[in-house]
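Residue numbers (our numbering), protein chains in the order written: chain A, 20 to 130; chain B, 348 to 461. Even glycine gets a Cβ: it sits at the ideal position worked out from N, Cα and C.
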């Protein structure tokens, strides 16, 4: 069993819709949680990170962590075609540079 | 400020050969991590170097090795290539060590093993 599980999709939604991307993790030692976005033929870029349960908002993006259920979510409001990419969740221990990634969800926003 | 650069961008090798990939981190960054990305397994951590020392290693066989130079540039080597080594190899750099320091990824080297 992988330490971070993510539905690979693909997921297609119409422009303007709210997108929900989810991951679960099994390692209770994970304290940092991140979301990366990866466009085709590019490396991943960090979207958001959080280290506590609850919500963190940045513009149209909201990251949510529920440590009691080991559940990580990313919400995208007012989705745009430029949001079409693969979204990767990741988790790590404090002080450890090793990131454990989910397999990624391929998202397509339909104009 | 220039981003993380990786060379070459594409590489085709045959089974049994060896390959060396190069990564130049963002200026001033001292930590370089390497990841393998495949459709089935996603991104998997290979190893991390900080100040020329390997500090962390993932669960890959000894055929995968790396090193870091005094200017923080890093190389990874794969010996005796297997078909399953075909993947996108990504490196990421950060200023210090520790996950709380943002890692910036390069575009990757696409390795195809025939």
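So, with DSSP's three-state summary, where would you put residue i?
| i | result |
| --- | --- |
| residue 33(A) | strand |
| residue 430(B) | helix |
| residue 72(A) | coil |
| residue 77(A) | strand |
| residue 85(A) | strand |
| residue 101(A) | helix |
Does residue i come within less than 8 Å of chain A when only Cβ atoms are used?
| i | result |
| --- | --- |
| residue 392(B) | yes |
| residue 429(B) | no |
| residue 453(B) | yes |
| residue 399(B) | no |
| residue 413(B) | no |
| residue 459(B) | no |
Residue i CB to nearest chain B CB: under 8 Å?
| i | result |
| --- | --- |
| residue 118(A) | yes |
| residue 24(A) | no |
| residue 127(A) | no |
For residue i and residue j, what's the separation of their Cα atoms in angstroms?
| i | j | result |
| --- | --- | --- |
| residue 367(B) | residue 424(B) | 4 Å |
| residue 359(B) | residue 431(B) | 13 Å |
| residue 83(A) | residue 76(A) | 9 Å |
| residue 357(B) | residue 87(A) | 43 Å |
Can you have a look at residue i and say buried or exposed, based on whether 16 or more other CB atoms are within 10 angstroms of its CB?
| i | result |
| --- | --- |
| residue 394(B) | buried |
| residue 386(B) | exposed |
Practice task
Taking a Cβ distance cut-off of 9 Å, strictly less, list which residues of the region 52-72 of chain A are near chain B, in chain order.
Solution key: 53, 55, 57, 60, 61, 62, 63, 64, 65, 68, 70
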